[in-house]
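Student:
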Amino acid sequence: MSEKSKEFWRWREYRHTMPDMDWHGAKMVTAGVDIGSVGSKTVIMLDGELYAYSVMRTGGVSEETAIRVMNWALEETGLKTKNVHCIVGTGYGRVNVPFAKRTITEIACHARGAHYIYGPTVRTVLDIGGQDCKAIRCDERGKVMSFLMNDKCAAGTGRGLEVFADLIRVPIEELGKASLNVEKEPPPVSNTCVIFAKAESVALLRQGWQKEKVAAAYHLAMVNRIIDLLTRVGIEKDFVVTGGVAKNTGIVSRLERNLGIKSLEPKLDPILAGAMGAALFAKALYEKQLGLR
Amino acid sequence: MITAGVDVGAKYMKIVLLEDGKNVLKRANGIVGFDIVKSATEVFEKALLDVGLKRDQIIRVTATGMGRKAVHKKPPVKPGEIVPDVIADAKGTYHLVPAVRTVIDVGAEEGRGVKVGENGKVKDFVINERCAAGAGTFIETMARALEVGVEDMGLLALKATKAIPMNAQCCVFAESEVVTLIHSKVSKEDISKAIHDAMAGRIASMVLRIGVEKEVVLIGGVARNPGFLPPLKKELNTEVIVPEHPQYVGALGAALLAFEMEGK
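Going down the list, the protein sequences come from chains A and B.
First residue of the first sequence: 150, per our numbering; consecutive thereafter.
First residue of the second sequence: 8, per our numbering; consecutive thereafter.
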């Protein structure tokens, strides 16, 4: 592929099976399938412990994506979809998960998953996904107390970063780090809208700004917007960031700096929070079915 | 007595040369490039040349539009005043359609609704300058996703056979949605209609915030798009008048204001 037509937004798809774990002895094999607008994830749990997962890009037909992302998580495990005791679908395309016993909103799943990944002290979950950004407040059990969501505007979401990665020709996975490669933080890009911000950034590049500096200006504008959302929901410690954008250090470190709060370190891949919450809900459902709760 | 109005928009620069506050001598436009002053100079000088006038024969120049501040102190616009877009819009529209009570101006990067009194004065207004989905850029971006010329978008929409909803309210998200619709074999005509319907819905809900009173007049570059008018009428549930040369109404308003200021 030539440099010119390279798609800098394209992020890596991946899967993993935990070594030293075997499903044969598990009483409860549950799964969560999170069909997001940009990325889809599956988490397989054995008795409530993470066993296997997969992360891939969402295709045009959500049902096909659901089947693919599920099969990919099961690959190398020897498990089949029919061996999974209970499956819960979540995310934007949750109604299109054909094998799901139930669907649960991504808000509830993210809070539940974050509670599992980061522990019971978590009170504010900021989930920055491909096409939305959610600020969720939860209690010590991982139950949602209140939330605010932006799913109308690309500014403040991963999709905006993808557009920007293509603009300045830096791979999406390196974009955040590149944006930190500036001596001094520049003023933020003044336009909210990604379309307008893109035009503004082109003008800045023409003025001779380094791409890292333009990236910093864009990241800062995005962070300001996310902080607006967080402030409206009311931020409380402990604070965590989940979703694909949680991997962007340019966003997370600026959020921490501007809020004056450190976010908790994730013990597991934070992109899995929604699917993990769904798999935990699936476990609870299955326990109910067995008469265990 | 000749006055001029210069409307520096996000994309196009428009100039109107006006005689005695009545007759339009010349309309001219050019793309606002990287150098706004240079573009203004070119358009202005060409307009003067076309009607055989010299700069000093123009008594007064008024600038409006988002780039007005960049040009009003620079030759050839200098010495000139600046007026906000909503005032120029109201003035220009009232001159063309004295019965007007609501002006809707949709440009490349901005959409405005202006409530006008019986005297042509601004009573209230609402502006969207933050989101590309409520401006001409939306249709332009979608035209790129559909791989059709922006000037063909309106005609395509008029040929649609069914109305399909568009869920995305953002240019960036709508682009993905258009791609999905193409893959689901929805016709370009129907997609184009969905795009225009969505944008008309957004403009209408913005204008409804200030209350829509008859007569309603649509101006600005997007007024020239035939696909935008039918859904706008439907959303507002009223007739919408489009004057001739709708993209020059702001510049006309500025030229009229220059004439009035000169009289005072």
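We put the beta carbon where it would ideally sit given N, CA and C, even for glycine.
1) With distances taken between CB atoms, is the gap from ARG251 of chain A to VAL237 of chain A smaller than 8 Å?
2) Please report the residue range of the alpha helix (DSSP H) in which VAL78 of chain B lies.
3) Terminal residues of the continuous alpha helix (DSSP H) containing HIS102 of chain B?
4) Are the C-beta atoms of ARG137 of chain B and some chain A residue less than 8 Å apart?
5) Since ALA263 of chain A is in the alpha helix (DSSP H), which residue starts that stretch and which ends it?
6) Roughly how many angstroms lie between the CA atoms of MET73 of chain B and GLU156 of chain A, to the nearest whole one?
7) Just reading off the alpha helix (DSSP H) that LYS432 of chain A is part of, what are its end residues?
8) Since ILE256 of chain A contacts PHE296 of chain A with CB under 8 Å, what's their CB separation in whole angstroms?
9) At a Cβ threshold of 8 Å, is MET150 of chain A touching chain B?
10) From A:LEU228, A:MET219, A:THR226, pick the residue whose C-alpha is nearest to that of THR239 of chain A; which is it?
11) Does HIS368 of chain A pass the burial test, meaning 16 or more other C-beta atoms within 10 Å, or should it be called exposed?
12) Output needed in chain order: residues of the segment 241-261 of chain B with a Cβ under 9 Å from some Cβ in chain E.
13) For VAL185 of chain B, which residues in chain A fall below 7 Å Cβ to Cβ?
14) Starting from ARG119 of chain B, trace the beta strand (DSSP E) both ways and give me its first and last residue.
15) Kindly indicate which residue of A:GLY227, A:CYS258, A:ILE420 has the alpha-carbon position closest to the one of THR166 of chain A.
16) Starting from VAL247 of chain B and walking both ways along the alpha helix (DSSP H), at which residues does that stretch end?
17) I think PHE345 of chain A touches ALA139 of chain B, with their Cβ atoms under 8 Å apart; what is that distance to the nearest whole Å?
18) Below 7 Å between beta carbons is the criterion; list the residues of the segment 153-169 of chain A that meet it against any residue of chain B, in chain order.
19) Can you pull the chain A neighbours of PHE180 of chain B, defined as C-beta to C-beta under 9 Å?
20) So, helix, strand or coil for PHE132 of chain B, using DSSP?
21) Measure how close the beta-carbons of LEU275 of chain A and ILE375 of chain A come, nearest whole angstrom, since I'm counting them as under 8 Å.
22) Based on the DSSP output, what are the partners of CYS235 of chain A in its beta bridges?
23) For ILE226 of chain B, count the other beta carbons within 10 Å of its own beta carbon; 16 or more makes it buried, fewer makes it exposed. Which is it?
24) Note down the Cα distance separating LEU215 of chain B from VAL31 of chain B, rounded to an integer number of angstroms.
25) Is the CB of GLY197 of chain A under 8 Å away from at least one CB in chain B?
26) Where do the ends of the alpha helix (DSSP H) carrying LEU243 of chain B lie?
27) Is there a Cβ of chain A sitting closer than 8 Å to that of THR168 of chain B, yes or no?
28) Taking Cβ to Cβ, would you say VAL15 of chain B is nearer than 8 Å to ALA70 of chain B?
29) Mark ARG75 of chain B as exposed unless 16 or more other C-beta atoms lie within 10 angstroms of its C-beta, in which case mark it buried.
30) In the DSSP assignment, find the alpha helix (DSSP H) that holds ALA211 of chain B and state where it starts and stops.
31) Whether or not the segment 37-47 of chain B and the segment 56-66 of chain B are in contact is what I'm after, with contact meaning three or more pairs of Cβ atoms, one per stretch, closer than 8 Å; do they touch?
32) Is the beta carbon of THR10 of chain B closer than 8 Å to that of ILE66 of chain B?
33) Going straight from the alpha carbon of ALA314 of chain A to that of ALA370 of chain A, what length do you get?
34) Assuming contact is defined by CB atoms lying nearer than 8 Å, are THR100 of chain B and VAL256 of chain B in contact in what I supplied?
35) So ARG403 of chain A is in the beta strand (DSSP E); what residue range does that whole segment cover?
36) Using only the alpha-carbon positions, how far apart do ALA303 of chain A and GLY309 of chain A sit?
Tutor: Quick answer:
1) yes
2) 75-78
3) Here the alpha helix (DSSP H) through HIS102 of chain B covers 92-103.
4) yes
5) Unbroken alpha helix (DSSP H) run through ALA263 of chain A: 255-267.
6) 34 Å
7) LYS432 of chain A -> alpha helix (DSSP H) spans 422-438.
8) 5 Å
9) Legend: pLDDT at MET150 of chain A = 43, less than 50; position of this residue unreliable, no value from coordinates given.
10) A:MET219
11) buried
12) The chain inventory of the structure shown lacks chain E, comprising the protein chains A and B.
13) Neighbours of VAL185 of chain B on chain A: none; closest Cβ ~12 Å, over 7 Å.
14) In the DSSP assignment, ARG119 of chain B falls within the beta strand (DSSP E) that extends over 118-123.
15) If we check each option's Cα against that of THR166 of chain A, A:GLY227 comes out closest.
16) Element bounds for VAL247 of chain B: n/a, residue is neither H nor E.
17) 6 Å
18) none
19) SER186, GLN280, ASP300, LYS301, CYS302, ALA303, THR306, ARG308
20) In this structure, PHE132 of chain B counts as strand in the three-state DSSP scheme.
21) 7 Å
22) Paired residue(s): A:THR179.
23) buried
24) 32 Å
25) no
26) Per DSSP, the continuous alpha helix (DSSP H) segment holding LEU243 of chain B begins and ends at 236-243.
27) no
28) yes
29) By the 10 Å Cβ count, ARG75 of chain B comes out buried.
30) 195-215
31) no
32) yes
33) 15 Å
34) yes
35) No beta strand (DSSP E) contains ARG403 of chain A, which is instead part of the alpha helix (DSSP H) from 398-408.
36) 5 Å
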